[in-house]
Ligand SMILES: [Zn+2]
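Numbering (this note's numbering), first residue to last: 429 to 638.
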């Protein structure tokens, strides 16, 4: 598998072209990870102050392609003003993601109702993003296992429910989708109710990730 493979090239050209047309900065960085704040990640999309997609490409191609597809889908949510994207904004100063990070850092307290509401909005946005991303992967026939992609996506949503109970992000590199015994517990198809992981999932995440 190479960047020059026709399907992969076509996808990357499409991403580049769409970014160019919409004044989105696209950075494919030749590093294994990107520093974001005090953490490292495989990539991110940020709309503020200037929209930008950054992806670390010094890793297996199917891994960074799936990250590019995910972050590009966030970019499309932003460009299309998707309802799940817009609903992250609480008011001029506040958005759900920043509020949850402040809560995780014990800078603020949140009543249960608000906490549930913010978490569910983030889940809705990430779930919508991955559904878009899956359509891209299928339409460009990218070398990514769709069933596993869906499992990891559901795993990510379910992780947010576990996070609520533990008031913590996962430790270091212990993301739940790194563990096959965790992500294979998740359905291989999109499900309607994404907010209720089985107790067994929560227990395993608690043991491995926090
Ligand atoms: Zn995301």
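Just so you know, even glycine gets a beta-carbon here, dropped at the ideal spot from N, CA and C.
Just measuring C-alpha positions, the residue of 597, 632, 441 sitting nearest residue 608 is 632. For residue 474, the uninterrupted beta strand (DSSP E) segment begins and ends at 471-474.
In the DSSP assignment, residue 463 falls within the unbroken beta strand (DSSP E) covering 462-464. By the C-beta criterion, the stretch 597-606 is judged not to be in contact with the stretch 471-482, since fewer than 3 inter-stretch pairs fall below 8 Å. Here the alpha carbon of residue 441 sits roughly 45 Å from the alpha carbon of residue 540. The alpha carbon of residue 510 has as its nearest neighbour, out of 471, 546, 560, the alpha carbon of 560. Contact between residue 555 and residue 630 is ruled out by a C-beta separation of about 18 Å, above the 8 Å threshold.
With distances taken between CA atoms, residue 436 lies nearest to 493 out of 493, 617, 624. Classified as buried, residue 586 has 16 or more neighbouring CB atoms from the shown chains inside 10 Å of its CB. The C-alpha of residue 617 lies about 21 Å from the C-alpha of residue 590.
In chain order, 435 place their CB closer than 8 Å to the CB of residue 569, counting only its own chain and leaving out the 5 sequence neighbours on each side.
The beta carbons of residue 525 and residue 550 sit about 6 Å from each other, so the pair counts as a contact at 8 Å. Taking residue 545 as reference, the option from 527, 452, 557, 535 with the minimal CA-CA separation is 527. The set of residues whose C-beta lies within less than 6 Å of a heavy atom of ligand 1 reads, in chain order, 498, 502, 554, 557.
DSSP places residue 541 in the uninterrupted alpha helix (DSSP H) bounded by 540-567.
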